[in-house]
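One structure below.
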Amino acid sequence: MEKKLTNSSLARQNILNNKYALQEIQQMVGLKGVLYEQEYRFTKKQIAVFFEISERTVDNYLEKYQKELTKNGYVVLKGKALIDYKLVHSNTFGNETDFVTKTTVPSVI
6 MEKKLTNSSL ARQNILNNKY ALQEIQQMVG LKGVLYEQEY RFTKKQIAVF FEISERTVDN
66 YLEKYQKELT KNGYVVLKGK ALIDYKLVHS NTFGNETDFV TKTTVPSVI
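Residue numbers for the sequence shown, in this note's numbering: 6 to 114.
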């Protein structure tokens with residue numbers, strides 16, 4: 006079987022562990038994340054907009070592949086971590102449009 010990113014966890018892991026590859030991919034596709042705790046993070050909204058899918062679809066993938074995504078940096082922010090992330094996000098994008106008032110525990114990828 007041919008190793009593709011869609012069917013090979015090892016192939017995906019090899020890319021995710023290569024910081025240079027991630028920087029190049031991010032630059033090539035134009036996806037701008039927030040550098041938070043030495044890793045680029047993306048909100049669910051940013052992922053949905055980039056892939057032109059609904060946030061509900063992102064939720065479905067998060068549920069289906071939670072173990073792999075958590076292993077690769079998916080986190081739910083709470084408390085001080087949330088406050089810190091919002092500050093970094095605001096400094097990067099100039100506002101907090103990804104966070105509505107009721108969003109008290111967003112997740113980032």
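Just so it is clear, CB atoms sit at the ideal spot from N, CA and C, and this is done for glycine as well.
Check each candidate in Gln32, Lys85, Phe56, Gly78 and name the one with the smallest Cα separation from Asn22. Here residue 22 refers to the residue found at position 17 when the sequence shown is read from its first residue. Taking only the C-alpha atoms, the option nearest Asn22 is Gly78.
For Leu92, does the three-state DSSP call read helix, strand or coil? As a working note, residue 92 is residue 87 in the sequence shown. Looking at Leu92 - three-state DSSP - the assignment turns out to be helix.
Drop a sphere of 10 angstroms on the beta-carbon of Val63, count the other beta-carbons inside from all chains shown, and report buried for 16 or more, exposed for fewer. Counting from one through the sequence shown, the residue named residue 63 turns up at place 58. Val63 should be labelled buried.
With DSSP collapsed to three states, give me the class of Tyr25. Taking the first residue of the sequence shown as 1, we reach residue 25 at position 20. It is helical.
Tell me the rounded alpha-carbon separation between Thr106 and Asn12. In the sequence shown, the residue the question calls residue 106 occupies position 101. In the sequence shown, the residue the question calls residue 12 occupies position 7. Bear in mind that a pLDDT of 46 at Thr106, under 50, signals an unreliable position, so the number given afterwards is only what the model happens to contain. One C-alpha to the other measures close to 38 Å.
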